[in-house]
Every structure is written in C-alpha cells, then in structure tokens.
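In the order they appear, the protein sequences are chains A and B. Numbers -19 to 330, taken from this note's numbering, label the letters of the first sequence in order. Numbers 4 to 908, taken from this note's numbering, label the letters of the second sequence in order. Encoded as structure tokens, the structure appears first; notes follow it.
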Amino acid sequence: MKMILLAIVSLWFLACQTITQPTVVNSVGEIEFAQLTVFEEELFLYEHQGRTEGLSELTRKLESENEKPGFNRDYKGRVLGLLGMSYYLEGRTNDARKIVQDISSVNPLEERYFVLRGLLEPLEDEKERIWKEGLDLASNRGNLHLQLALFYYEKRDYGKALANFDQAFFLLGTASENRYSEYRENSFAFKDSLTIGENLEYIEEEELTLTGMAAIVSLDSDWNRSLPQGSDYPETVLVWIGDDLLLSTQNPLLTRAQAAYFFYSLLVNEGKVVEGVYTNAFAPGPGNFGSRVESPVPDVAYRAPYFDAVLVTVEREIMELPDGVNFFPDIVLSGVDFFEYWEVFKNEFQ
Amino acid sequence: MLMPNDTPNRPNVDPKDRSKKRGGFFGFLKKIFIGFFLLVIVGLGSLFVHYLLTQKDSVDFLPEDYLVYLQIPSLKEFYDDILHLDAATIVLSDNEMASVRDGLLQFKSLDVADNWFFRQLLDMELNFLVLPPDVPLIVFDLDWRSVLTRLVPFISNYVPIENLTKIQNEQDIYFIYQIDETTSFAFAFLDNLVIASTEVDAVLGALNASREGNTIANSTSEENLAKLGRSAEGRLRFMANTDALLEQLDDMEGANKDLFESLSFPKETFLTLSVDNERFGFQAEANVASDLDVLQPIIGFTPQPLEAVRMLPAETFYYTGINIANFKDMIDLALFLQGEELENNLNTVSGLSETLLDLSLDELLFDWIGTEVGVFGIKGIPDPVFYLKVSDQAKKLYAFEKLANSLFLEDDNTLVLDNVQIDRLKLPDFLAGLLGSIGVKLEFPYFIQRDNLFFVSLNPETLVKVAKAQSQGDTLANQEEFRAITQGVGFDPHLFMYYDLHQATPFFAQGNSVMAQVLRLYAKGVVTLHNRKGDWELKIQAVKSDRKGAREYPGFPREWNTSISEPLVRRYPGKGEPLLLYVDRFAKLRAETVSGTELWNVSVEPRTQLINADFGEDRFDSIIAYTPGSKLELYDLDGNTRHGFPVSYPWTSTFLPEARGRNLIAFDENNQQLVFLDREGRATPWPGIFERALRAAPSLRGNNVAYYPKDFTGTVYLTDENGESRPGWPVQGGSLSLGQPELISYQGLTRVAFLTQRGLLNLWGIDGVQNEGFPIELPGVYFQDLEVITDSNGEARGFVTMSNDGLISLVSPDGRLVAQKKIPRLNGQRAKLLVMDLTQDGIGEILTYGDSDFIRGFDWNLNSLEGFPIKGSYRPWLVDINLDQKLELVIPSTEGKVYSYTMDF
C-alpha cells in the first residue's frame, strides 16, 4: 500500500525510464527472429545431439553478433543467452558465468538466463528451483521445459518428465521431439507405475529378449507383493512358461505372440481362463470335421499354437489388434511395449 | 356436628369444573408466558434504550496513525457488487487469503447467503483501515442490530465456544478466535460497534485511541470525511494518511530520496477506485509542492495537449508521451537524478560539438527541441519510434546544416519507401554516446518530420507507417476503442502512457503481484499524470480484455502430489471450494480444496481407484473407492468410513464399476452376471444372461438395456429391463469393438449407436434395423469409444469419434458427416474424448485429454476453441470454483500441478 504514494510522485521518473528501456515492451522482430532461429538450431546440435566440431566457430559468430549495436534488449538478451550456452558447452564455465551476469543486466527475464544458472548450479534441488522459477515468470519456455524434463527423467519422476517433454516439444518443435521422443514415450509408459526399479535396464531394451521379459516380471516388486500367499509361484511358473516359450522358437527375442502366450498361460494357470477356450469355441461342428476354420484374426490361424492366447489377450484388452484386424504375431516387442502390456495384465490378473 | 356416616360436604365437581381447574393451570401457564414475554419486551426495550443512550460513532474509534482508510457505507452492497468481481477473485487467490476465501465460499454456498432477512442484517457500515506496517482493522457499526450483541460479553461467560477465548483487562473485554494454528482474529464489542483485527494490539489500540482522542474524528476535517465512501457511480474513495505513508518509505536512496524529501504533501491523499468486470479506473489526487529548483519548471508548467496522439498509427501498441516545459529542463532533471556521470558526458559533448561542428550544446539540442518528447511501438516491428517536438524550425535547420556540412549526413541519405521520402542521419559519435548513456541507442537512424514533430527510428518501415497513418487518417486516435479508453482523460497531461497487453506487457503490469494480475484483466489502458496548479492527479483507465476463450484462473497452477489414477473434482455441500480427490502413489486417498488446502488423507489399498459416482440422491455426499479384487469402500466427507463398509465381494468386476441411477453397476466375471450395488453395498444380480463377459458397463435408457459382450463379430444385444431380448436383436456390428453400444434419443425415438474398432459406425432403431445412412465407414482404427453430443433436452445432436492417428469425425444422427479433421500430434490410441458444455449453451464442445500434457478443445466445425490447447493431463472437470455462476475448468497434471481456466466464450 505504501507504494501507491511513491508511484504517484515517481511516475514521472518511471516514464523517463520507460522511454529509455523500450525492450520492456518490445519483442524480437521477424528478421532478428530468423537470425536467432538459425543460431538456436545450430546450438541444438551441440547441446542435444552430441556434435562437437565447429562449436568454437558458432561461439565466434555469437560473440560477433553480441558486439553489434542495437537497443532491443530482448534480442540482446537472447544472443547473450546463446553465447553463454555456447561457452558452457565448450567447457568455458567462467565465461558462461560472466554471461549470466551480463544477461541479468540486459534482460533478467531471458529464458537462457535461467537455463544457464541451473546448468552451472551444482546442487540438484537448487537447479530444479531455478528452472521452475524461470517457468513461473513465463511458462512458454521450451528450453527450460526441456531441461526440467531431462532432470526429472534422470530422477525417474516420469510424470513430471512427461509433462515437461510435451511442453518442450510443443514450444521447440520437431528437432527436440525427434531427439527425445523415446524418452517421452518411456515417460508416458512409466508415469503411473510403482514398479520401475532394477528392471529398468530390461525395460529400456529396444528388442526385448525372453530373458529380459523374465527379468522385468521377476524384478517387479509390486507384482511379487500382490501375489497370493507370497508363494514361490513366480519362480516355478515363470520358469515353466519361459521354457515353453523358448522351446517353441529358436528366436531369443520376444514376439507379440509369445507375450500373448505368456499372459494366457498365467491366466490359465490361475484358473481365470479355460485352456483352449477359443479353439473349442471355433471347433468345426459335427459333420464338417476337417473343414478349414476361419480365424477371426486373419494373421493368426486357427491351428496356430498361440491362437487361444491371442484371442484371449485381445478379448480381455490386455493386447490389441493394431490395425483393428490383424495381430501381427511376429513383431518383436520392445521392453517398454511389453512393460505397458504387463501393467495392464497385472490389473486383469488381480 | 358430623355423624360417622356423614361425609364432608365435598364440592360436587363436574367435568366442566375440572376443565376450569385445568383452565386455571393453563391460565397460569399463560400468565407465565405473558409475563416472560413482557419481560423479554422490557429487556429488549431496555437494551434498545441503552442502545439509544450509548450509541457511538465509529469514527471515534479509528486511530489517527492509519495508512489507508476506506469507508464502506453498506457491507451488503459491497458484498453484492464488489465480491463478484474477477479482480476480487485475484485478490482472494493469494495464499494468505486462503482462510478468508474458503470462509467466504462456504458462506456463499449456504442458502442463508441469499436470505432477504440475513442480507438486511448485513446492511451495515464498515470502516476498513490499514495500520502500520500493514495490519488491517475493521470497525463495524451494527446500529440497531447491536441490541442483542450487547449481551455477548455476558452470555460468553456461560456458553463456551470452541477456539474462542474471552480476555478481560482493567479497561476492556475482548475476544480471540483461533481459526487455525497460524490464523486468529481479535474483536471487541463496544455498544453498537464491533472492532476486529488479525492483531490484538490493533483492537486494543483502537480502544485506547478512542479514550485518548487520537482518532480520525479529531485529526481530519469533516469535509474530508464527507468525501469518503462509495459514490452512486460505484466508485470507492480511500483516504491515505500521507505522513504515515511517507514514514514507511525508508528504503529510498540517493537523488531519488533528496527529491522525494523536497516534496511537501497534504495531510490526506485521496485515492478513487472504480472497478467492474468491464472497466478499471484508479485515480489518486494530491497537492504536491517542492522547494527544489530542478522541479519548479515541471511543477509550475501547464502543458498543452500532446500533438503526437493524433498522429500515432492505428497499429500502435504502446506509447509514452511527456509534456515538458523545454528539453533543457528535462536534461537538468536527468542530471539531478543521474549525477556526475551524465554531467561529464554532457560537458564532453558540449566541447566536441563546439570543436567539430562549431555549435554550442544549446544550438545543437536545446534551442530547437520543444515541449514534447516520447516513444511508441508499432505492431510487428521491434524498433520503436522516438519523437520530439520542434519548437524552432529555423534553429533546427541551422543545427542540421552544420551537421551536414561536417559530413555527418551520409551521401546516400534518402530512401523512398511506399512513396514516402525518409532521410537518414549519421549521428556524431559523441552525440550517439550521450543518447546511449541514457539508454537511447541511435547511431544511424532514419527520420521524418511531420508538422512540427520530428520522428526518429532505426527502422524506416515505422516511419512509413507514421506518414501513411497521418495522410490516410488511419490513426489510433480515430479508433473507437481508443476513444472509449481515453474517455474523461485529457490529452494535456505531463505524462501519457497507452498500452495493449495483447502485444506486450508494460513494466507496471508485469510479475505476479496482485496489482499486476488485476491490471492484466484489462487489456488496453492509459495512465496519465496531470498537474493543475500543484494538484497532481494520477489516472489509470483500462478496459477488459476482449480476448475470448480459456484463460488461466488466478491462483493457478498450484502444486499437488500427483495421482496414479484419475482424480475427481467435485463440489460438496457445506464445503467452500470444490474438492480434489485422488489416490497418490503411496496409496493415500487425499482430499484437498482445488486451490490446495489439504483436508484429510486416509490409507487405502494399492491400486484403489475412485469412482465418479455418488449414492447421494440429489447431490454428492460421499466418496466411493474400488479396489480390484473386489472391494468397495465408502467414505463420508471427512474421510471416515461409512457404516457397513468396506464391502468385499467374492468376485471380480471386469470393469471399474460405473454409476447407473443411484446404484453402481459391475460385472461379476465368476458368475457371468451383471450386478447392481446399492448404498449399503448390497449386490443385486440383474436377470439377463451373458455368454461372455462385458468389458464396459452397459447402456441403460428407459426400460432398455444395450450391451456388447466382447467378441470378434461385434454382436450387440438389446433387452428390456428384465433381460428379455428385444425383437430383432442381437445384431452384428461388423467386428471387434473397444467400446459399448450407446442408447440415445433422436427425434423422440430410442436408438442404439455402436462403433467398431475398424471404424464402422452403426445406428440401429429399437427394432434392430439400421437407420438410413448407416452404417458409416470412418477411416482409421478406433481405440476409443464414440461420444454422443446431446442438446439440453437430451436429444442426440451428433456422434464424435477419434481414430488412432488423430482423425476426429463429427457425424449427425441423420448420417451426415458434419466435420472431419486430422489433429496434428493427437495420439488417438491414448487420448480420450470428452464432450463438455464449455459455452453453457446447452450443447457440448469436444475435448481430448490423456495423451499428453495438453487438453485440446474443438467446436462443432472442429476448429480449435479460443485459448486452447490448455495444460493438463487428466480428465478436465467443469466446476464453479468461486460461486460466481461461471464455470471453470480444473485439470490436474502429471507435472505435479493443478491447472484451472476460466471459460469466456
């Protein structure tokens, strides 16, 4: 309240300040924006794609741009931000720290002012606080969202990582999405899970092996805890199913059909499904023995060993028909794919 | 003498006499009642007489050392008018106001809030003061209502009230009410007054001030007191104690402090606020004098109307103009404020100018620059335009001629753009340096002159726009909206600022302060500072943002613990704000207000999910949780388990139980039967027979039941309420589906809609015959069920579908494809569809959620709704957070934030 009176008297002087600080109400124009975009795209290669060659050349260009006269503080702040990042990526942290000071005097609202401060901050909690502070001032900042997304992903706080990846992709565009879509998809798959732990290295397998599948399941503490009587059920039954799956193929990679069979076997073992339920249901009637039975899923033949498994898992919405018609039984699953099915299955199983 | 057999003369009592006797008893009661009644009348009469004899004036209890004083003649009117403001919502969204906000909303949610009698009780005067440093003090004048409150100190001895403490010292009796661990308020009853504050010392201070006479009544003229209050136009006028306020300003330093200390202010300063949801107005008036020489030309100067206002192009989005006596005065003031550095610069410039140009500093600058300078920006161009008024054209030409002769003007100095000639000037380094030292960096600017205004910019395009605007009349001053904003504002102020928040935010509207947030509600505005013979007047006038659609609700986003299943947002009776209910990752069922006050939490089993249903008859009164397995739990609104719960069932439901009427519906997989669960947890099987399990709840409408036991042919069943198949049913939908049939009403007849995974949209009549135009084959694969859009009568208006690759289709019940659009980045396998009436026109809009941290919103043409996409991951909920009759969206996010948006369409 005390500021009201101060404002009355000092507004005159504030007006003078306003005239001399047009950046406060200014924004970067089209030409400058195009120039910044070029710099941003180039920097992205070094910051996120692992490129190193030519970084010093970019630094020089940014230094040169920074020397140019101009009074658009928004533009100036952004150039400084890029330059600071460039220094940081070159390992010139002292120069980067100096740039942080420079940005604070030119435009303390500049996004990379917060990005750099966070990157230069050794304490994890403080890092997070700085980046969140930057977003509190203006939420439409893709680079800050991306830093937070990677931070949370590392911390296995997947819900927060997911939201920040989404915001970053929306604001930064396809380059960031192409680079980090896998992280984003993993975050989506893990966001509600209580069981990401030792099994993460298997879940992250691009092509899951049968051994990896067994590891994901047996290392799932939530699953073990929820089983009746805390029995040795997993040990015996999983080994049995695993053997069965391995015997059925020479391929050590887990296919969709094998995953279906795994789920089906557990359901049968638990008495939730009658073995051969669909084989029996589709069996030729009296008098037409030997006639060809048309499978409701065209790429899974009635006589296929996993016919019942596929129909049961699809019918129970554990797995899906990707195109609404076929099951694609031979496609190899990634760890994340299997994990997502596994999470659905656990609910069904209980 | 009595003989033994004689009986005494007993009165011969007949029944009538008995009744007389009883009448006597009732008569006695009657007398007691009348006596009591008379006693009450006499008591009340005495209290009333006491009231008349002891009536006090509230002004006698207002301490003179206040900072700000606001008089509200009627609390009722204040409640009716002011608290419905969007601006009030912002003020109340502050965390420190949480208890006030919650209390207010609890009150607003009660029926009594609209009670006529109660509102009359509220029709009382209220005095609101801010005492140093920032302590609120409220003095209510209860007037005739105090007849009963006079008994409070006496009654409180016998009626204990929880959290209320009565304290009596030598002179006063007062009370302290503890709201929570950190918040309490103190109050005292004094005849017809109630004095209340969050600080005990403030209440005691007011009582002391009254005894010692140190009150506003003695320190302020009646004339000034009469100026206060709420005018007929709805303006609120505050009085500020200038001396007390100035004492607070101890954080100023240097020249600013010298300057400030040189000013003399009146004892009282008046601030006027007029605010509604369309316009915002603020005015402060003070007679300010100063003995500082440097300020004399400014204080004593009577400005002329700003000339540049009529020349600003229509696309101008900010403008600051200053009226000055002359440029030299302004530089002198700058020298005073900026000190030695600028003075040195100026001396250097003066020396170089004389050496290189043979011009004195006066000739170079001060002799020709006139009484007006300013800056403005034009949409789409980042470079601002500076301008100044030329007071002496001949002297300006002389200075320019000297510059030209000194080869400072470039050879190629003219540019013709769009038929406008624009010149360019290379400023001498020393001059550019001088300007740079005050932040104006112009080394090689373009310039034009129109009339006697000289415009300078680094971008020639801006100058073309200035020239064109003037010649074509396409100026800001000709815009109707600008005229509306500046209505009642003179164009002859010392300072004039115009801003458009749609383009950029000026310094005073930036940040998260309450004032900045309030100002941002009003998109375009002007700020002026006038001085009329020493009377300074600051005015802010702004109009509401005309931006439609979803906008962030004040106080959001806020943080939460995040949930592993879908949270619920609901308004419960008796609870101020709607509640957010969820099960966190540590298996705690949590209840908190949507703005973040935790109410309670209870432990539940892992994987417990909340059911979006309630057994209450007409409004929510409980919370239902379900654990796969199957266990049903029912909690009351304080987190207590309801009697008879939890209930465990010897079967597992194939889907999360759903609400159907006042029951829940589940599917018992063990016995292959549909089950209704009631408020007591009783499970009643439905008589229909199922060959296969249902994977989602059936659709019920009237006495029809439609369902799809999952199979690969898409076979859909329609039965009566007893499970008897309707003639013509079952029918085949074509293939597997991940949805369920929907019973709808179209043209008054019941029909069944059903979408298969392969995109076959069926619509059958009750006889099992496809409606004309159906089935419709939609492109793509469908992992989400269709949504039905209905009108306010429950009649279907359309079906919305979403394919896995983000193709949304809107199909009318007569078989027309109304709209179809592929939405970029929409993952239709993960996203969910939702139809919600955001515009409150009776017909729902289309939302998608769940595939990302964005909620998308579409109208019936599948065009994105204004303000969308908005943030959030879980299902959006439409609730009235602040009971202002407008609905807000509340959306929790996996990011750990809860978002809320107002809907203005």
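Think of the CB as a built atom: it goes at the ideal place given N, C-alpha and C, for glycine as much as any other residue.
Check	Outcome
DSSP-derived helix/strand/coil call for PRO300 (chain B)	helix
Short-range partners of chain A found in the stretch 731 to 763 of chain B, where Cβ spacing is below 9 Å	SER738, LEU739, LEU741, THR759, GLN760, ARG761 and GLY762
Within-7 Å CB hit, ASN327 (chain A) to chain B	yes
Same chain, Cβ closer than 6 Å to LEU741 (chain B), neighbours up to 5 away in sequence not counted	GLN760 and PHE786
C-beta neighbour in chain B for PRO2 (chain A), strict 7 Å	Caution applies to PRO2 (chain A), whose pLDDT of 35 falls short of 50 and renders its modelled position unreliable; the value that the coordinates give is listed next. By this cut-off, PRO2 (chain A) is an interface position.
Where GLN396 (chain B) sits in the DSSP three-state scheme	helix
Near-chain B residues of the stretch 11 to 28 of chain A (beta-carbon distance less than 7 Å), N- to C-terminal order	GLU12
Three-state class that DSSP yields for PRO385 (chain B) in the structure shown	coil
ARG535 (chain B) Cβ short of 6 Å to the ligand ADP heavy atom set	Absence of the ligand ADP from the depicted structure is noted, as is the absence of any ligand whatsoever, leaving it without description.
Residues near GLN396 (chain B) in its chain [Cβ-Cβ closer than 8 Å; skip 5 each side]	TRP371 and ASN455
Any chain B beta carbon closer than 7 Å to LEU126 (chain A)	no
Chain A contacts made by the stretch 552 to 577 of chain B, where a contact means CB separation under 7 Å	THR565 and ILE567
Where THR897 (chain B) meets chain A, residues with beta-carbon distance less than 7 Å	GLY139, LYS140, LEU142, ALA143 and LYS171
PRO127 (chain B) versus PRO560 (chain B) - alpha carbon distance	Checking the displayed sequence, the identity of residue 127 (chain B) turns out to be Met instead of Pro. So the two alpha carbons sit approximately 37 Å from each other.
From B:GLU891, B:GLN424 and B:ILE543, residue whose alpha carbon lies closest to that of ASP89 (chain B)	B:GLU891
Pair within 7 Å by beta-carbon distance, PHE168 (chain A) and GLU157 (chain A)	no
Beta-carbon proximity list for PHE485 (chain B), same chain, < 6 Å, skipping 5 on both sides	LEU479
As assigned by DSSP and simplified to three states, the class of ILE334 (chain B)	helix
Span separating the alpha-carbon of MET805 (chain B) from that of GLY860 (chain B)	13 Å
Own chain partners of LEU73 (chain B) with C-beta closer than 7 Å, once the 5 adjacent residues on each side are dropped	PHE131, LEU239 and PHE241
Chain A within 7 Å of ARG819 (chain B), Cβ atoms only	no
Start and end residues, beta strand (DSSP E) containing PRO895 (chain B)	891 to 895
Same chain, Cβ closer than 6 Å to GLN823 (chain B), neighbours up to 5 away in sequence not counted	SER812
As assigned by DSSP and simplified to three states, the class of HIS53 (chain B)	helix
Best match in B:VAL150, B:GLU202, B:LEU78 and B:ASN166 for proximity to TYR54 (chain B) [C-alpha to C-alpha]	B:VAL150
Residues that VAL784 (chain B) contacts on chain A, provided the C-beta gap is smaller than 7 Å	ASP303 and GLY304
Residues that LYS713 (chain B) contacts on chain A, provided the C-beta gap is smaller than 7 Å	GLU295
Contacting positions in the stretch 135 to 148 of chain B - beta carbon closer than 8 Å to chain A	ASP137
Against chain A: residues of the stretch 846 to 862 of chain B by CB proximity under 7 Å	SER855, ASP856 and PHE857
Inter-stretch contact at 8 Å, needing at least 3 Cβ pairs: the stretch 744 to 753 of chain B / the stretch 788 to 799 of chain B	yes
Residues that DSSP places opposite ASP914 (chain B) in a beta bridge	Not covered by the structure: residue 914 (chain B). The range shown for chain B is 4 to 908.
Residue-chain proximity (PRO660 (chain B), chain A), Cβ-Cβ < 7 Å	no
Any chain B beta carbon closer than 7 Å to ASP288 (chain A)	no
Strand pairing of ILE858 (chain B), partner residues [DSSP]	B:ILE873
Nonlocal neighbours in the same chain, by C-beta distance under 8 Å from GLN1 (chain A), ignoring five residues either side	Residue placement at GLN1 (chain A) is flagged as unreliable, the pLDDT there being 41, under the threshold of 50; a coordinate-derived value is accordingly withheld.
Three-way DSSP call (helix, strand, coil) for ASN6 (chain A) in this model	Because the pLDDT at ASN6 (chain A) is just 44, under 50, the model does not fix this residue reliably, and the value given afterwards should be weighed accordingly. It is coil, neither helix nor strand.
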